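Residue numbers for the sequence shown follow UniProt numbering, beginning at 1 and rising by one.
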Amino acid sequence: MNKALTLGVVSVAITAGTYFVLHAIAPQRHVEEKRQQQGPTVEEVFASELNLAAIDSAEAPAAAPAEAAPAGDTAAADEAAPVEASADPAAAEAPADTSDAGNGDMGAVDAAAAPAPAAEPAPAAVEPPPAAEPPPAAEPAPAPVAEAPKPAAKPAEKKKPAPAKPVGPWWGAESPNELSLVYAGSAAYKKAVVLMFNGTFDSAASADQNIKVKDAAGNAVSGKWELGASNKKMLVFPVAKNGRYTVTVGSGVTDRNNRALGKKLAGPVQVQ
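Below is the structure:
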């Protein structure tokens, strides 16, 4: 009887625990119902046997208090006896198994409800190194400055011919007793050297032998002396061009009266 009472109390406790567990894990109820329909598994059978062994071991210390219980307790036990008789051992085992399954599910719920470990903060973004500064732009080379044109060289001035020195009387004073040269110069009507004496000439033969003419370069000028057409005291020596000539008169010049010059004379004549 005591054993039946104990089993009844345990059954009530298990039923109440199962009720609260099922309410706590309502989403898992359909899983448990499906498992009950499939029947107990091998693990549940072994778990049920372990629970019965635990209950048997607990009967010995509980027997003494049960015998000392009052009559009211005995009546309550008698009323509970039909419950024990009607109770199916498999039904008694089922709540225990459900409790075990509930405990397993609670572990799963606890494991599912356990907060996931906080995600490690993402490493701070590495700042890119500062871009290298571009090299300074090369300064443009200064534009070549055009050199100022050099002034054109002035053409050399042509040297002006030196003015002809005035030809002075280089023949000296006239002598009344001797043959004398009284004029030397240029002919007025043609390019020629003209000499004027104070005596008359029959021919120019004496003049050809004793009177010589040279140009400005000092070269002898070829040619012949002539008597003046209208004046026989004048001797004429034609030249090719105007210019300065040098006339040398020898002392051997004689006129028709055989008067000799008596001295040598030389001087310039400007033909123009």
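Yeah, the Cβ is synthetic: ideal placement off N, Cα and C, and Gly gets one too.
Quantities reported herein were computed from a predicted structural model and do not represent experimental measurements.
Evaluate contact between the region 200 to 215 and the region 173 to 186, counting only Cβ atoms and requiring at least three cross-stretch pairs below 8 angstroms.
-> Not touching, per the Cβ criterion.
Pairwise C-alpha distance: residue 225 and residue 178 | Here residue 178 is taken as the residue at index 178 of the sequence shown, counted from 1. Here residue 225 is taken as the residue at index 225 of the sequence shown, counted from 1. So the two alpha carbons sit approximately 22 angstroms from each other.
Could you round the C-beta distance between residue 260 and residue 246 to whole angstroms and report it? I think they count as a contact, below 8 angstroms.
-> Against the sequence shown, residue 260 aligns to sequence position 260. Against the sequence shown, residue 246 aligns to sequence position 246. A Cβ-Cβ separation of about 22 angstroms leaves residue 260 out of contact with residue 246 under the 8 angstroms criterion.
Straight-line gap, residue 271 to residue 215 (C-alpha atoms, nearest Å) | For this step, residue 271 is matched to residue 271 along the sequence shown. For this step, residue 215 is matched to residue 215 along the sequence shown. Roughly 11 angstroms between the two C-alpha positions.
Apply the 10 Å Cβ neighbour rule to residue 199 and answer buried if 16 or more other Cβ atoms are within range, or exposed otherwise.
-> Looking up residue 199 in the sequence shown gives position 199. Buried, by the Cβ-count rule.
So what does DSSP say about residue 243, is it helix, strand or coil?
-> Numbered from its first residue, the sequence shown carries residue 243 at position 243. In the structure shown, residue 243 falls within a strand segment according to DSSP collapsed to helix, strand and coil.
DSSP three-state assignment for residue 94, whether helix, strand or coil | Counting from one through the sequence shown, the residue named residue 94 turns up at place 94. Note that residue 94 scores a pLDDT of 36, beneath 50, so its modelled location is shaky; the value from the coordinates is reported in the next line. Of the three classes helix, strand and coil, the one that applies to residue 94 here is helix, per DSSP.
How would you write the range of the alpha helix (DSSP H) that residue 206 sits in, first residue to last?
-> Position 206 of the sequence shown holds residue 206. Its alpha helix (DSSP H) spans residues 205 to 210.
Go ahead and label residue 64 buried or exposed: buried means 16 or more other beta carbons lie within 10 angstroms of its beta carbon, across all protein chains shown.
-> Reading the sequence shown from its first residue, position 64 is the one you call residue 64. Low per-residue confidence applies at residue 64: pLDDT is 40, beneath 50, and the placement is therefore not dependable, though the value from the model is reported in the following sentence. Classification of residue 64: exposed, given that the 10 Å Cβ count is below 16.
Below 8 angstroms on the Cβ atoms is my guess for residue 203 versus residue 254; work out the distance and round it to an integer in Å.
-> For the purposes of this step, residue 203 is identified with residue 203 of the sequence shown, where counting begins at 1. For the purposes of this step, residue 254 is identified with residue 254 of the sequence shown, where counting begins at 1. Contact annotation, residue 203 with residue 254: C-beta distance approximately 11 angstroms; criterion of less than 8 angstroms not satisfied.
Hey, residue 228 and residue 236 are a contact pair by Cβ (cut 8 angstroms); roughly how many whole angstroms apart?
-> Position 228 of the sequence shown, counted from the start, is the residue given in the question as residue 228. Position 236 of the sequence shown, counted from the start, is the residue given in the question as residue 236. The distance from the Cβ of residue 228 to that of residue 236 is about 6 angstroms, consistent with a contact at the 8 angstroms cut-off.
Indicate whether residue 190 and residue 268 have their beta-carbon atoms separated by less than 8 angstroms.
-> Position 190 of the sequence shown, counting from 1, holds the residue named residue 190. Position 268 of the sequence shown, counting from 1, holds the residue named residue 268. No, these two residues do not count as a Cβ contact at 8 angstroms.
Return the residue from the list 256, 173, 194 that minimises the CA-CA distance to residue 244.
-> The count along the sequence shown starts at 1 and reaches residue 244 at position 244. The option with the nearest alpha carbon to residue 244 is 194.
Backbone CA spacing between residue 252 and residue 196 [nearest angstrom] = Your numbering for residue 252 matches position 252 in the sequence shown. Your numbering for residue 196 matches position 196 in the sequence shown. Counting only the Cα atoms, residue 196 lies some 16 angstroms from residue 252.
In three-state terms, what does DSSP make of residue 4?
-> For the purposes of this step, residue 4 is taken as residue 4 along the sequence shown, with counting starting at 1. Helix, per DSSP.
How is residue 260 classed by DSSP in three states: helix, strand or coil?
-> Position 260 of the sequence shown, counted from the start, is the residue given in the question as residue 260. The three-state reading of DSSP puts residue 260 in strand, counting E and B together.
Rounded straight-line distance, which links the Cα of residue 24 to that of residue 11 = Position 11 of the sequence shown, counted from the start, is the residue given in the question as residue 11. Position 24 of the sequence shown, counted from the start, is the residue given in the question as residue 24. In this model, residue 11 and residue 24 are separated by some 20 angstroms (Cα to Cα).
Environment of residue 68 [buried if 16+ CB atoms lie within 10 Å] = For the purposes of this step, residue 68 is taken as residue 68 along the sequence shown, with counting starting at 1. No answer about residue 68 holds up, because its pLDDT of 36 lies below 50 and its placement is not dependable.
Straight-line gap, residue 201 to residue 217 (C-alpha atoms, nearest Å) = Working through the sequence shown from its first residue, we reach residue 201 at position 201. Working through the sequence shown from its first residue, we reach residue 217 at position 217. Taking the straight line from one Cα to the other gives about 31 angstroms.
Classify residue 21 as buried or exposed, calling it buried when 16 or more other Cβ atoms lie within 10 Å of its own Cβ.
-> Along the sequence shown, one-based indexing puts residue 21 at 21. Classified as buried, residue 21 has 16 or more neighbouring CB atoms from the shown chains inside 10 Å of its CB.
May I have the straight-line CA-CA distance separating residue 257 from residue 240, to the nearest angstrom?
-> Here residue 257 refers to the residue found at position 257 when the sequence shown is read from its first residue. Here residue 240 refers to the residue found at position 240 when the sequence shown is read from its first residue. For residue 257 and residue 240, the distance between alpha carbons rounds to 33 angstroms.
Looking at C-alpha atoms only, which residue of 4, 2, 16, 262 is the closest neighbour of residue 176?
-> Reading the sequence shown from its first residue, position 176 is the one you call residue 176. With distances taken between CA atoms, residue 176 lies nearest to 262 out of 4, 2, 16, 262.
Can you tell me the Cβ-Cβ gap for residue 346 and residue 250, rounded? I've got them flagged as a contact below 8 angstroms.
-> Missing from the structure shown is residue 346; the chain here goes from 1 to 272 and no further.
Endpoints, the beta strand (DSSP E) within which residue 179 is located | Locating residue 179 in the sequence shown gives position 179, where the first residue counts as 1. Where residue 179 is concerned, there is no enclosing beta strand (DSSP E), given that its DSSP letter is neither H nor E.
With which residues is residue 197 paired in a DSSP beta bridge?
-> Position 197 of the sequence shown holds residue 197. The beta-bridge partner set that DSSP reports for residue 197 consists of 181.
So which of 248, 8, 234 has the shortest CA-CA distance to residue 219?
-> The residue labelled residue 219 in the question sits at position 219 within the sequence shown. Selected option, being the one with the closest Cα: 248.
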